[in-house]
Amino acid sequence: MQAIAFLLDAVVSFFCTLFLLRFMMQAMRVSFAGQIGDFVVKLTNWAVKPLRRIIPGAGGFDWASLIAALGAQLLLSVLLIGLAGPAMNADPGSIALMVLWFAMRALLRLTVYILIGALILQAVLSWINPYSPLAAPAYQLTRPILDPIRRIIPSISGIDLSPLVAILLLQALLMFL
């Protein structure tokens with residue numbers, strides 16, 4: 272039973288990460304022209320394109336991608352609670368709220384993990400290969416987080432500490448989620 276739950280969680284988390292990355296890339300105006308953008312679009316089009324007929328983008332956000340991520344997490348939560356089955360002795364209303372809470376919490380945590388990963392990728396690429404095809408999307412994805420921190424903490428001797436501060440703040444946020 273644990274193996275089935277693990278596999279379900281791994282597959283759904285992978286696709287939810289891609290859906291959230293697509294949402295975040297469009298919201299932060301990251302170009303989809305490179306390898307990462309092409310990879311994300313090709314692996315998420317199967318769900319996002321049909322949803323766009325029902326849920327159009329508005330306000331510069333790709334709501335279909337976000338709804339696809341939420342739908343996948345809701346499905347996973349229902350399946351995992353269904354696997355717990357007889358152990359759940361609660362009324363349907365509280366189970367529905369629990370499913371919604373699990374799905375929202377999982378999406379928020381995935382979003383924070385994506386940002387932490389992008390910050391680490393950006394920091395490593397700035398040392399190793401700042402002209403890598405991954406450097407520009409990572410920079411564009413993390414810029415809205417790093418710019419306010421850079422206003423408070425300037426670089427010291429040419430070393431930018433803002434990614435470290437951002438990662439620490441995001442890790443603290445994960446503790447609350």
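Okay, so the sequence shown: first residue is 272 according to my numbering, each after it adds one.
The beta-carbon is built from N, C-alpha and C at its ideal position, and this holds for glycine as well.
In this text the structure is predicted, and so the values were computed from the model without any measurement.
What is the rounded straight-line gap between the Cα of residue i and the Cα of residue j?
i, j, result
"Ile336", "Asn400", "In the sequence as displayed, the identity of residue 336 is Ser instead of Ile. If I take the Cα positions, the gap works out to 31 Å."
"Leu354", "Met272", "8 Å"
"Val319", "Gly429", "42 Å"
"Ile352", "Ser426", "48 Å"
"Ala374", "Val283", "11 Å"
"Ala339", "Thr413", "23 Å"
"Trp317", "Gly388", "25 Å"
"Asp280", "Arg380", "14 Å"
"Val312", "Phe277", "26 Å"
"Trp372", "Trp398", "40 Å"
"Ala342", "Cys287", "Per the sequence shown, the amino acid found at residue 342 is Gly instead of Ala. Distance between the alpha carbons of Gly342 and Cys287: 9 Å."
"Leu322", "Ala409", "27 Å"
"Ala298", "Gly331", "6 Å"
"Tyr402", "Leu346", "40 Å"
Buried or exposed: where does residue i fall if 16 or more other Cβ atoms within 10 Å of its Cβ makes it buried?
i, result
"Gln446", "Correcting the residue identity first, residue 446 is Met in this sequence and not Gln. Met446 is exposed by the Cβ-count criterion."
"Arg376", "exposed"
"Leu292", "buried"
"Ala437", "buried"
"Leu289", "buried"
"Ser348", "buried"
"Asp333", "buried"
"Leu368", "exposed"
"Leu392", "buried"
"Leu390", "buried"
Per the DSSP calculation, residue i is bridged to which residue(s)?
i, result
"Ile427", "Ile430"
"Phe294", "BP columns for Phe294 are empty, so no partner."
Can you check which of these residues, the options, is closest to residue i by C-alpha distance?
i, options, result
"Leu444", "Ser433, Val282, Leu386 and Tyr402", "Leu386"
"Asp418", "Phe294, Asp431 and Asp362", "Asp431"
"Ala394", "Arg421, Pro363, Ser433 and Trp372", "Ser433"
"Gln306", "Leu439, Ala406 and Asp280", "Ala406"
"Leu378", "Gln344, Val370, Ser403 and Ala409", "Gln344"
"Met295", "Leu439, Val383, Gly364 and Ile391", "Val383"
"Gly308", "Ile416, Gln411 and Gln442", "Gln411"
"Ala304", "Pro404, Val370, Leu368 and Ile325", "Pro404"
"Leu441", "Ile424, Ile416 and Arg422", "Ile416"
"Ile275", "Pro363, Leu350 and Arg421", "Leu350"
What is the DSSP secondary structure of residue i, counted as helix, strand or coil?
i, result
"Phe373", "helix"
"Phe303", "coil"
"Ala329", "strand"
"Asn400", "coil"
"Leu379", "helix"
"Met446", "helix"
"Ala361", "coil"
"Leu386", "helix"
"Leu405", "coil"
Taking Cβ positions only, does residue i come closer than 8 Å to chain D?
i, result
"Ile391", "Of the protein chains in this structure there is only one, and it is not chain D."
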